[in-house]
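**Q** Structure incoming, see below.
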Amino acid sequence: MKKLMACALALMLTPLAALADFKEGVNYEVINQGEGSAKPTVTEYFSFFCGHCNTFEKGYVPRLKGELKDADVVFKQNHVDFIGREMGVAMTKAYAIAIQLGVTEKVKPVLFSRIHDEKKAPRTPKEIRDVFIATGVNPADYDKAAESFMVKTMASQMARSTQNAKLTGVPTFVVNDKYRVNTQSVKSFDELSELILYLTQKD
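According to mature numbering (1 follows the signal peptide of the UniProt record, and there is no 0), the stretch in the sequence shown is residues -20 to -1, 1 to 183, in order.
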């Protein structure tokens, strides 16, 4: 009986990641053979034009952000430009503008809703600008950010990061700039969180 209780206690104290049976080539891929990020980091690659990204943004990302915050893990989002043709590039720039102006949490749900709920996707950079202004962004502030070196640099960095991640689709999560998660290998958001947290602790 004492041995059984000791075993049960040991299981309770064992970190969740240690119990996981995740495998390279099945649940995740190594995309960087060198050093990973200096601090545990999870990056979600997404597109405003992606229906699954819209679902994740509403149903999973807020939860994941909370879990990562509790684990002291950095969470970032990287817009990809390979969906939506020329508007994919424009949306990447728009997301960089939102970051620069500090309005991502205001603008993201509006853009997702316009595209997937209202079926009124912006078709030109001007229509993207109109969305920002409708959320309360000052037109002059938008125009200044759109032409800024910081926004151009961020958009370029997102494009380069997308290439480095060797994506086959979105949404995709990359952990520590080293491990690309295979979301198709898990059956629930619970299991996805377990996999992501496991990889944040992996060397």
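Glycine included, C-beta positions come from ideal geometry on N, C-alpha and C.
Under 8 Å between the Cβ atoms of residue 41 and residue 147?
**A** To locate residue 41, count along the sequence shown from 1; it is residue 61. To locate residue 147, count along the sequence shown from 1; it is residue 167. Result no, Cβ atoms of residue 41 and residue 147 do not sit closer than 8 Å.
**Q** Beta carbon of residue 36, beta carbon of residue 151: below 8 Å?
**A** Position 56 of the sequence shown, counted from the first residue, corresponds to residue 36. Position 171 of the sequence shown, counted from the first residue, corresponds to residue 151. Going by C-beta atoms, residue 36 is nearer than 8 Å to residue 151.
**Q** Using the three-state DSSP reduction, which class does residue 100 fall into: helix, strand or coil?
**A** Here residue 100 is taken as the residue at index 120 of the sequence shown, counted from 1. The answer is coil: DSSP assigns residue 100 none of H, G, I, E or B.
**Q** Applying the 10 Å Cβ sphere with the 16-neighbour rule, what's the burial state of residue 113?
**A** The sequence position of residue 113 within the sequence shown is 133, counting from 1. By the 10 Å Cβ count, residue 113 comes out exposed.
**Q** Here's a check: name, in chain order, each residue in its chain whose Cβ is nearer than 7 Å to the Cβ of residue 16, leaving out the five neighbours to either side.
**A** As a first step, residue 16 must be located in the sequence shown, where it is residue number 36. Same-chain partners within the cutoff: 156, 157, 158.
**Q** Measuring CA to CA, which of 26, 154, 174, 43 is closest to residue 62?
**A** Numbered from its first residue, the sequence shown carries residue 62 at position 82. When only C-alpha atoms are compared, the closest one is 26.
**Q** Enumerate in chain order the residues of its own chain whose CB-to-CB distance from residue 115 is below 8 Å, with the five nearest sequence positions on each side excluded.
**A** Here residue 115 refers to the residue found at position 135 of the sequence shown. Same-chain partners within the cutoff: 83, 86, 87, 90.
**Q** Does the stretch 20 to 34 come close enough to the stretch 92 to 109 that 3 or more CB-CB pairs lie under 8 Å?
**A** The answer is yes - the stretch 20 to 34 touches the stretch 92 to 109, with three or more Cβ pairs under 8 Å.
**Q** Determine the burial state of residue 29: buried for a count of at least 16 other Cβ atoms within 10 Å of its Cβ, exposed for fewer.
**A** Numbered from its first residue, the sequence shown carries residue 29 at position 49. When all chains shown are included, residue 29 counts as buried.
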